[in-house]
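S.K.: The structure follows.
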Amino acid sequence: MLLSAAFALLIAAEPVKPFEFKDGDRVAWIGGTLVEREQRYGHWETALIAANPDKNITFRNLGWSGDTVHAESRGRFDFNSPEKCFKQLVDQTLALKPTVIFVSYGTNESFEGKDGLPKFEKGLEKLLDALKPTSARVVLFSPLPFVKAAGLPNPRAPNANLSLYGDAIKAVATKRGIVFANLMHNLGDTESTDNGIHLTEVGYYAFAPFFADSLGQPRRDFSSEKFELLRKAVVAKNEQFFNKWRPQNETYLTGFRKHEQGKNAKEIAEFDPFISKVEEEIAKLRKELKK
Amino acid sequence: MRTYTLALLFALSPSLALAQPKAIVPDPDPELERKTFTVAPGFEVTLWAADPLLAKPIQMNFDPQGRLWVASSEIYPQIKPGEKANDKIIVLEDTKGAGRADKTTVFADGLLIPTGLEPGDGGVYVANSTEIVHLSASKPGGKADKKRVVLSGFGTEDTHHIIHTFRWGPDCRLYFNQSIYIHSHVETPTGVKRLNAGGIWRFNPDNTQLDIFARGWVNSWGHAFDKYGQSLATDGAGGEGINHVVPGGYYLTSQGPHAQRVLHGMNPGSPKFCGLEVISGRHFPDDWQGDVITNDFRGHRVCRFKLKEDGSTFAAREMTEVIKSNHPAFRPIDVKMGPDGALYIADWYNPIIQHGEVDFRDPRRDKTHGRIWRVTAKGRDLVKPPKLVDATVPELLEQLKAPEQWTRQQAKRVLKERGADKVLPELEKWLSDLDPTAADVDQHRLEGLWLHQGFDRDLVLLGKSAVIAKKAPLPEFTAAFIRIMATSTADKAVRQSFVEKALQSNNARVRLEAIRAVAKWDTADAATIALAALDKPMDRILDYALWLTIRELEPYWLPEFQAGKLTFGGDAKKLAFALNAIGNKDTIKPVLALIDGGKVPKENVQGLYLLLAQIGGPEELAKVLAHAGRESGSTIADRAELTQAVEDAIRTRKVPAPKLTTGLETLSTDKATVVRRPAMQIVGLWKLKELRVVVETLATTKAAIPADERGAALESLALFGDAEAKKLISKMCEAEQEDEVCRVAIIALASVDLPAAIDHAGRYVAYIKKADPELVDLFAAIINRKGGATALAKAIEGKKFQSADVAKIGLKAIRATGQPADDLTAALMRAGDLAAARKPPTEAEVKVLAADALTIGDAARGELVYRRKELQCIACHAYAGAGGLVGPDMTSIGASAQVDYLVDSLLLPHKAIKEGFDVTRVVTTDDKVLQGVKVREADGVLVLRTAEDKEITIPVKDIAERSKSTKSLMPEGITDQLTKQDFADLTRFLSELGKVGGNYAPSKARVVRRWQVIEPTQANLNLFRRARVSAAAEDGGAFTWSPAYSKVSGDLPLAEQPKFTVWNDTAAQTVLRFQLDVTTAGAAKLKFNAVAGLTVYVGNAPIEPKAETLLEFKSGVQTVTILIDRSKRTEDVRVELEDVEKSPARVSIVGGK
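Protein chains in written order, with this note's numbering: chain A, 1 to 291; chain B, 292 to 1444.
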């Protein structure tokens, strides 16, 4: 019911050339809250795995709430230094040795309106340049539109800005000859969001087909039991990975008080076997989907 | 080994009987714990809930049904690899009304260290690491099966800092806090909200509106609202006691655009506090109403403070504890009033607190226990818990009149959740039907207005009906009303008229709210409106509030002002305030116009010149100096402040020399050193040829002048940097000069000709016999320059020092700079024949030393060790707010720290550095290395507090390299010279500090602890001879004073104080002074332990000291000077401040360095 309502809203866009995943691809996914929260629901990641059941594709979600192309959310104690913030994002991405990078920015920057556009474009270009050493295939995602929500003003004005930033992202993609994935679809369902700007669990589920579409991936039966098992494994993997790459108590583990309790940082590497184990589970379940 | 230490601790503790002698942790029997409680007279404590009903409570809050919701974590401090997050939300109920929980329900699990919770909106809001989730159950009474992420992006850099202290405000908004290490980035429909340090957030769940209610604090683990909606907060690390929160205000350790000025708590020198609640309701006696309760979780105490009005803010005074205990695991961390009018205390129950200092996986960490204690008044009826959830809307509205804040607040929550459609029509009727003559009608109206605010509806109707029904509402009501009105959707004209009227109120709190109310209006005229506050008396908080408002509104009013559209009514005082507040270089012209216009009130003139020094270019600085040089009517302090400001401006902003200077010559020969010194630096910084002779003369004079004075002249000369200057300075470094002269000359030479300075230094340190502590500056002057240490090592190679102590001072200098200088270290060891470098102690050695402290250590002797001049403990570590700020306050260290931790900290200061005391190391573009604890960073400058407790200002653009040092500012090896007995005594003393029931327990007595004393220097004696000894009481900055500190008992040992005789055959004298901060004028008492030999002045007026001396104080900082005839007194000096009943006076003792 929810899904069909969402389908009805799908605007016939120009046909999307399928993004070609390769066996063994490692996808690093960077962006703000939209990306960060996806990891706890896993619908989109699972949709892509399900669309390529014979390929081993691993995802590492590096989303961070409030982030921008300037990596403003990542500086921690160095928040005052734009260079150090930016370096964090680049280092975090490079460390994963990705073969594919999903770049999902523009929403937070769009509050600056038209005046902020040049700064955003420059920042995006700088980021893409800095990620070049990976030789990864890069996908630039547009923002999602805001929708009406109780207690909030009409999203018309912010959406005009979001379109503007979406267009700018598309232009950068075109210029560089890299893939642009358009997410500017209005789900229009009140359950898909409760603050007008972030998807709820239901929202991620409902949006999954459009997300697959944006990359030209075939839609699968997202309600099947097999899919659900796979998604649970994806979420479990994401939780272990999150606890590894963004552990609590970083001040003591790796930060400026590591001389006190830094010995506990040895536990960080101990997450890896757990991540590998779930990843094996994901591979098994993925193959099940083909049957 | 650690268990052994702990067992020893018990062996010496009076609670021995409670602990199994060989146990690792105390016997967890709650009754044994309860028996350790000393309870306030007239009260009793009973166990309301204990493990296994709950474990490890972090925060608790009641729901309207009277159920207690508890956030609990067994994962804290850190999840293990592969572990599934499974922390819980527990609901406790007393279903039988027996005064004890009999039912526990796990409402939710699968959480990661939930540090805060608040029931509401059909479920519960929970802090879940990076996010706030709302959990709810589809079936009433069931377990949570729905989880909604409400906000996300909160930092997790430290698990006792992550978001906490959830509270519904009286305005139906959700307030929650984060601590200092947390960096949060939260997306909301109006953009990303970022907070990169501690602070209090305010959240409206109805529209995802999020804003920062106040900034700062280290661990703001307490926040409560009084009955009129004023916010109070406590800090679990800051040590300033109860804070009165000004909306939007910046407090200790703030980050943000206006962080250069911060507000402070009301009780500096307090131990660290956790949780906060305001006493309200019929179960508690009248004299407890409105008192605030917080927990000294380190010292095992539940504390009570009484608040009194003090201008626009409050004064908070500590009363007898609600509970004090010596049970090592009693950790009161949250406190809440309950539905029955009793007070509930969450006891985290753990022998180990926090995880910065003790290993995450330390086996002594308790993971299974937890208690809720209930405090009741003996012989007083409990309140019948109100029935709220099933009540009708009119019944609930009547509950808004309840005497218990608990009931009013919960009734409001139920009404809010019934929805605007059902409630608003009834609410409006209820408000207009209120009897304006009823007692407490203001309170009732306020509750109604807050509920109305919760629905976010237009407030216009209130303007005509209920609000103005009563002619003269209580000022507390008006203050709260202004806050509600200012942010409402009411018409701007309506809001403005209320604010303008409020600014003319005779009540300072009302004016405070009005000043802050307009800060968010984002218009130019809001600044004009706010500045009307200057037409009425100001106090410190009002001054801050207006400063902040004007700064926040700068983007709106400054362009208008520059365009000539805004004039502040031509009022020079208002304009001066506004320009001073923003300190913006674009305002030089109007500042000049104000000064030249001559219409500014006299008291603002100094401020304007100071501003000009801060923002002006060469000609403006010349103008400031010309003004300061016109001595007529200006005080030494004023001249010193302006001259120093000019020096700072030249150093930090690199302002070049003006075409012409007048006044500087007068200043550089001023009678006060504090003026001369910066004046001479200016001469050098600007290379002023015409005044060079002044500094040259002083630098090279044969006369005996103080070394630091000559040093200043030499440094000034060095700034000229030419061959002639080098030659003159080099000459003063020659061996035939006095040792002191030579020392300051080498220091000066190091800045212009490092190799030559090192040559001289290599020779000098070898032959000098007397190891003055000031030698450390000479070493530092060389080591702090790139390559200096290595070159000095070469220069002293093969030499044997006359004094081994000189080599020790060199090592101290190396440690203080925090730089690796292995070659110099080795060279100094050889030159001084010092033993091989010390090795870090082994665990076994620490164990032995910790055991020694408890077996042979003597705390009284230890205090004397602590006070020794060569150790300098107090210079860095204050006790009860008196002393240096370089390291943490020691007031309750013994109650919180294990003995092995104390031993470790003495021997290896860097092993565990208290939060907020980490060291920033900076290399400047001219290769100087500086380090210190960051005080603030704002306006393009970084301010560090050095190991010498000096604040140094570094322009950010001069910083080439910046890092966090892993070293502590506390030098290593400081205790190396102590004997085994000394060390045991010192450790024992520290371990006793703050222990309840002991000789060093925290005291509520307001004793003078921080003194200043006149040293018998030649300059001071000359001043006495020229005038008379009592001139010390009239000091305008001429005398130099040294700090002195009372013992923990409050006594200042007189025998330790310097004495002098002015003329031959006269009695030896000692001159002491201390300061009192009087925020509201009136009568107060000073109590002297004995008056023999004392002559006392308040300001320059003599008073007659008596055992109890009643005094009338004017407002402002008052200095009390005491002359002591040492022939008539040998007794120590103790002065205590006491309130006089019914006196309006608000007086506190000035602490610090």
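All C-beta atoms in this analysis are idealised placements derived from N, C-alpha and C, irrespective of residue type, glycine included.
Taking 7 Å as the CB-CB limit, is tyrosine 472(B) close to chain A?
M.R.: So, interface residue.
S.K.: Taking valine 1194(B) as the query, report the chain A residues whose CB atoms sit under 8 Å from its CB, ordered along the chain.
M.R.: The contacting residues do not exist; valine 1194(B) stays about 16 Å from chain A at best.
S.K.: Just the C-alpha distance for glycine 444(B) and glutamine 645(B), rounded to the nearest angstrom, thanks.
M.R.: Distance between the alpha carbons of glycine 444(B) and glutamine 645(B) is about 23 Å.
S.K.: Are the segment 49 to 69 of chain A and the segment 261 to 268 of chain A touching, with three or more C-beta to C-beta distances below 8 Å?
M.R.: Judged by Cβ distances under 8 Å, the segment 49 to 69 of chain A makes no contact with the segment 261 to 268 of chain A, as fewer than three pairs qualify.
S.K.: Just to check my reading of the structure: glycine 32(A) and threonine 107(A) have Cβ atoms closer than 8 Å, yes? What is that Cβ distance to the nearest angstrom?
M.R.: Sure, about 6 Å apart at Cβ, within 8 Å.
S.K.: Does any residue of chain A bring its CB to less than 7 Å from the CB of threonine 1244(B)?
M.R.: So, not an interface residue.
S.K.: Between isoleucine 197(A) and chain B, is there a C-beta pair that is closer than 7 Å?
M.R.: Yes, contact with chain B.
S.K.: Give the range of the beta strand (DSSP E) segment to which methionine 628(B) is assigned.
M.R.: Residues 623 to 628.
S.K.: To the nearest whole angstrom, what separates the beta carbons of alanine 1057(B) and leucine 1008(B), a pair I think is in contact under 8 Å?
M.R.: That pair is no contact at about 26 Å.
S.K.: What are the residues of the segment 133 to 158 of chain A that lie near chain B, defined by any Cβ-Cβ distance shorter than 9 Å?
M.R.: Going along the segment 133 to 158 of chain A in chain order, one finds Phe146, Ala149, Ala150, Gly151, Leu152, Pro153, Pro155, Pro158 with a Cβ nearer than 9 Å to chain B.
S.K.: Determine, using beta carbons only, whether phenylalanine 256(A) comes closer than 7 Å to chain B.
M.R.: For phenylalanine 256(A), the answer is yes, since a Cβ of chain B falls inside 7 Å of its Cβ.
S.K.: For proline 405(B), go through chain A and note every residue whose CB falls closer than 8 Å to its CB, in chain order.
M.R.: Under the 8 Å cutoff, chain A gives no residues; its nearest Cβ is about 13 Å from proline 405(B).
S.K.: Do phenylalanine 588(B) and proline 642(B) have their C-beta atoms within less than 7 Å of each other?
M.R.: No.
S.K.: Who are the Cβ neighbours of threonine 386(B) in its own chain at under 8 Å, not counting the five residues just before and after it?
M.R.: So the list reads Asp393, Lys394, once near-sequence residues are dropped.
S.K.: Would you decide whether arginine 774(B) is buried or exposed? Buried here means 16 or more other CB atoms lie within 10 Å of its CB.
M.R.: So arginine 774(B) ends up on the buried side.
S.K.: Smallest Cα separation from proline 98(A): which of Glu225(A), Asn161(A), Gly42(A), Pro133(A)?
M.R.: Cα-wise, what sits closest to proline 98(A) is Pro133(A).
S.K.: Listed from N- to C-terminal order along the chain, which residues in the segment 251 to 277 of chain A have their beta-carbon within a distance smaller than 9 Å of any beta-carbon of chain B?
M.R.: So the close ones are Thr251, Tyr252, Leu253, Gly255, Phe256, Arg257, Lys258, His259, Glu260, Gln261, Lys263, Asn264, Glu267, Ile268, Ala269, Glu270, Phe271, Asp272, Pro273, Phe274, Lys277.
S.K.: Measuring alpha carbon to alpha carbon, tell me which of Glu1325(B), Ile1204(B), Gln1189(B), Phe605(B) ends up nearest threonine 1278(B).
M.R.: Among Glu1325(B), Ile1204(B), Gln1189(B), Phe605(B), the Cα nearest to that of threonine 1278(B) belongs to Gln1189(B).
S.K.: Around the Cβ of alanine 1358(B), are there at least 16 other Cβ atoms within 10 angstroms (buried) or fewer (exposed)?
M.R.: It is exposed - the Cβ of alanine 1358(B) has fewer than 16 other Cβ atoms within 10 Å.
S.K.: Would you kindly work out how many angstroms separate the C-alpha atoms of methionine 829(B) and glycine 602(B), rounded to a whole number?
M.R.: Answer to the nearest angstrom: the Cα atoms are 9 Å apart.
S.K.: Using three-state DSSP, classify histidine 535(B) as helix, strand or coil.
M.R.: The answer is strand: DSSP assigns histidine 535(B) an E or B state.
S.K.: Please report the distance separating the alpha-carbon of glycine 861(B) from that of threonine 1352(B).
M.R.: When rounded, the distance between both Cα atoms is 57 Å.
S.K.: Is the segment 147 to 161 of chain A touching the segment 190 to 204 of chain A, taking contact as three or more C-beta pairs under 8 Å?
M.R.: Counting Cβ pairs under 8 Å, three or more are found: they touch.
S.K.: Note down, in chain order, all residues in the segment 350 to 375 of chain B with a beta-carbon under 9 Å from any beta-carbon belonging to chain A.
M.R.: Within the segment 350 to 375 of chain B, the residues whose Cβ lies closer than 9 Å to some Cβ of chain A are Pro368, Gln369, Ile370, Lys371, Pro372, Gly373, Glu374, Lys375, listed in chain order.
S.K.: With a threshold of 16 other CB atoms inside 10 Å of the CB of glutamine 1360(B), please say whether the residue is buried or exposed.
M.R.: Its Cβ being crowded by 16 or more others within 10 Å, glutamine 1360(B) is buried.
S.K.: What residue ranges within the segment 821 to 850 of chain B form continuous alpha helix (DSSP H) runs of no fewer than 4 residues, ordered along the chain?
M.R.: Complete alpha helix (DSSP H) runs here, min 4: 831 to 843.
S.K.: Using a Cβ-Cβ cutoff of 8 Å, what residues of the segment 16 to 39 of chain A are near chain B? List them in chain order.
M.R.: Under the 8 Å Cβ criterion, the segment 16 to 39 of chain A contributes Gly32, Thr33, Glu36, Arg37.
S.K.: Report buried or exposed for proline 242(B), applying the criterion of at least 16 other Cβ atoms within 10 angstroms of its Cβ.
M.R.: Because residue 242(B) is not part of the residues shown, which for chain B are 292 to 1444, the question remains open.
S.K.: Quick one: does proline 480(B) have its CB under 7 Å from some CB of chain A?
M.R.: Proline 480(B) counts as touching chain A.
S.K.: Report all residues from its chain with a CB closer than 7 Å to the CB of threonine 421(B); omit the five preceding and five following residues, and keep chain order.
M.R.: Taken in chain order, the residues that qualify are Ser443, Gly444, Phe445, Thr447.
S.K.: When the cut-off is 7 Å and only beta carbons count, does leucine 2(A) lie next to chain B?
M.R.: With a pLDDT of only 40 at leucine 2(A), under the threshold of 50, the placement of this residue in the model should not be trusted, and no figure is reported.
S.K.: Less than 8 Å between C-beta atoms, sequence neighbours within five positions excluded: which residues of the same chain meet that for glycine 888(B)?
M.R.: If we look at glycine 888(B) and ignore the five residues flanking it on each side, its Cβ neighbours are Ala863.
S.K.: Just to confirm, is the Cβ distance from tyrosine 519(B) to glutamate 767(B) under 7 Å?
M.R.: Taking 7 Å as the Cβ cut-off, tyrosine 519(B) and glutamate 767(B) qualify as a contacting pair.
S.K.: Got a sec? Which residues, its chain only, sit under 8 Å from aspartate 497(B) by beta carbon, not counting five neighbours each side?
M.R.: Correct list, in chain order: Asp747.
S.K.: Can you name the residues of chain B whose CB is closer than 8 Å to the CB of phenylalanine 222(A)?
M.R.: By Cβ distance, chain B contributes nothing, its closest Cβ being about 20 Å from phenylalanine 222(A), past 8 Å.
S.K.: Beta carbon of leucine 543(B), beta carbon of tryptophan 508(B): below 7 Å?
M.R.: Result yes, Cβ atoms of leucine 543(B) and tryptophan 508(B) sit closer than 7 Å.
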